[in-house]
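J.: Here the sequence shown is numbered in the working numbering, starting from 912 and rising by one per residue. Cβ atoms here follow ideal geometry from the backbone N, Cα and C, with glycine treated the same way.
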Amino acid sequence: MNSKEQTLSIIKPDAVERNLAEKIKEKFLERKLTIKNQKKIQISKEEAAEFYKVHQTKPFYDRLCNYLSSGPIVVMILEGENAISINRKIMGATDPQKADKGTIRKEFGISIDKNSVHGSDSQDNAKKEIDFFFN
Ligand code: ATP
Ligand code: MG
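1. What is the DSSP secondary structure of K989, counted as helix, strand or coil?
2. Let me check one thing: in DSSP terms, what residues is N948 bridge-paired to?
3. Strictly by DSSP, which residues pair up with Q919?
4. Does the beta-carbon of S1033 have 16 or more other beta-carbons within 10 angstroms, so that it is buried, or is it exposed?
5. Can you find the residues in the same chain that come closer than 8 Å, C-beta to C-beta, to K1050, ignoring five residues on each side of it along the sequence?
6. Check each residue's C-beta against every heavy atom of the ligand MG and list, in chain order, those closer than 7 Å.
7. Work out the CA separation of K969 and M987 for me, nearest whole Å.
8. List in chain order: all unbroken alpha helix (DSSP H) runs of 4+ residues lying wholly within the stretch 962-1023.
9. Could you give the residue range of the alpha helix (DSSP H) that holds I935?
10. Quick check: the Cα distance between P983 and S914, rounded to an integer number of angstroms?
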């Protein structure tokens, strides 16, 4: 199947703080994803709340928004064949303890909160999330 896609990736505060951004980018490049655009920013709690709005009813929502706005992040547009699902594979399971060997979250994640990366989970959300940060 031949389908070039774009997805949004975020290197979260725990990983930026530990200077892991370049190592994490390597993982994407190794798997033939290219970085089309990237910037290092810090967002407000209000922006984090907007970004993670799909989770607003979850018990961990407030903590999640505090966390994503707690320090600098690197946001990237990744592009490649099946970029959305490939990126999710490279990231590994949400909980680093459950993530497969070789994934970013297994290697670098600290906890289910500080799990080092975000990746869009569908074409719809990829579009929305890319617009959110790059338009
Ligand atoms: P992300 O959206 O960050 O890429 P994900 O798609 O693997 O992660 P989601 O279900 O979308 O997981 O959850 C968003 C974020 O909320 C997770 O990255 C994690 O930090 C946090 N989270 C998810 N489930 C839990 C939970 N049960 N307890 C605490 N935090 C959670
Ligand atoms: Mg998600």
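T.: According to the structure shown:
1. In the sequence shown, counting from the first residue as 1, residue 989 sits at position 78. The sequence given here places Leu at residue 989; Lys does not occur at that position. Looking at L989 - three-state DSSP - the assignment turns out to be strand.
2. Translated into positions along the sequence shown, residue 948 becomes position 37. Partner(s): I988.
3. Position 8 of the sequence shown, counted from the start, is the residue given in the question as residue 919. Per the sequence shown, the amino acid found at residue 919 is Leu instead of Gln. I988.
4. Position 122 of the sequence shown, counting from 1, holds the residue named residue 1033. By the neighbour-count rule (16 or more Cβ atoms within 10 Å), S1033 is not buried but exposed.
5. A question about residue 1050 goes unanswered here, because the residues of the chain that appear run from 912 up to 1046.
6. H1029 and D1032
7. Within the sequence shown, numbered from 1, the residue matching residue 987 stands at position 76. Within the sequence shown, numbered from 1, the residue matching residue 969 stands at position 58. Taking the straight line from one Cα to the other gives about 26 Å.
8. 972-979, 994-1002 and 1015-1019
9. Numbered from its first residue, the sequence shown carries residue 935 at position 24. Here the alpha helix (DSSP H) through I935 covers A932 to E941.
10. Reading the sequence shown from its first residue, position 72 is the one you call residue 983. Reading the sequence shown from its first residue, position 3 is the one you call residue 914. Approximately 32 Å between the Cα atoms of the pair.
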